[in-house]
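>
In this note's numbering, the protein residues as written are 587 to 749.
1. Report the option in 690, 704, 642, 629 whose CA atom is closest to the CA atom of residue 660.
2. Go ahead and pull the three-state DSSP assignment for residue 719.
3. According to the Cβ coordinates, are residue 714 and residue 678 closer than 7 Å?
4. From residue 749 to residue 645, what distance separates their C-alpha atoms?
5. With residue 628 as the anchor, note down where its beta strand (DSSP E) starts and where it stops.
6. Are there three or more Cβ pairs, one per stretch, closer than 8 Å when the segment 612-629 is compared with the segment 686-693?
7. Across the segment 627-643 and the segment 668-676, are there enough close Cβ pairs to call them in contact, namely three or more that are closer than 8 Å?
8. In three-state DSSP terms, what is residue 596?
9. Among all the DSSP beta bridges, which residues are the ones paired with residue 713?
10. If we require 3 or more residues per run, which beta strand (DSSP E) segments fall completely within the segment 646-712?
11. So residue 698 packs on residue 666, CB below 8 Å; how close in whole Å?
12. Helix, strand or coil: how does DSSP classify residue 609 here?
Here's what the structure looks like:
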């Protein structure tokens, strides 16, 4: 005898909610990709699952996903200055500890992760962004991974000097 869906009470509930362990059918389940919250520094336990029932999704995941998407949109708007642009930003005080992202396979993703951290903490600018790259060779397969650091600050975009 197959399980019954806790939401719609139909038979053939082939899935199980990651949080409450209730049986759910495919049409009632909320499927979240494994990388849905990949930019978070630490993924909370309740967001680490891939299948949720409707009540668990509404209670634990929905609001967190909306906040995550908002921060990702803000991250795309963060102002970025590389280390070699200190002439433009020398007058800006660097009070915060630098962020660091390690072992990212894409340079653009590395920068977006730094910007996401800044947006999550309420900053609108990254200063002194510096990349390092290294090659990893496993047998005949080669790949490059990036590590980056940046200092988060809040600036008035009109205060940036153009030289």
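Beta carbons: idealized from backbone N, C-alpha and C, even for Gly.
In terms of the structure at hand:
1. Here the closest residue by C-alpha is 704.
2. Three-state result, residue 719: strand.
3. Cβ distance not < 7 Å, so residue 714 and residue 678 don't count as in contact.
4. Residue placement at residue 749 is poorly supported in this model, since its pLDDT is 46, which falls under 50; the coordinates still yield a value, given next. Spanning the alpha carbons of residue 749 and residue 645 requires a straight line of approximately 51 Å.
5. Note, residue 628: premise wrong, no beta strand (DSSP E); not H, not E.
6. Output reads no: the segment 686-693 does not touch the segment 612-629.
7. Contact between the segment 627-643 and the segment 668-676 is absent, with fewer than three C-beta pairs closer than 8 Å.
8. In the structure shown, residue 596 sits in coil (DSSP, three-state: anything other than H, G, I, E or B).
9. 737.
10. Runs of beta strand (DSSP E) with 3 or more residues, each lying fully within the segment 646-712, are found at 665-668, 685-690, listed in chain order.
11. Not really, about 10 Å apart at Cβ, beyond 8 Å.
12. Correct three-state label for residue 609: strand.
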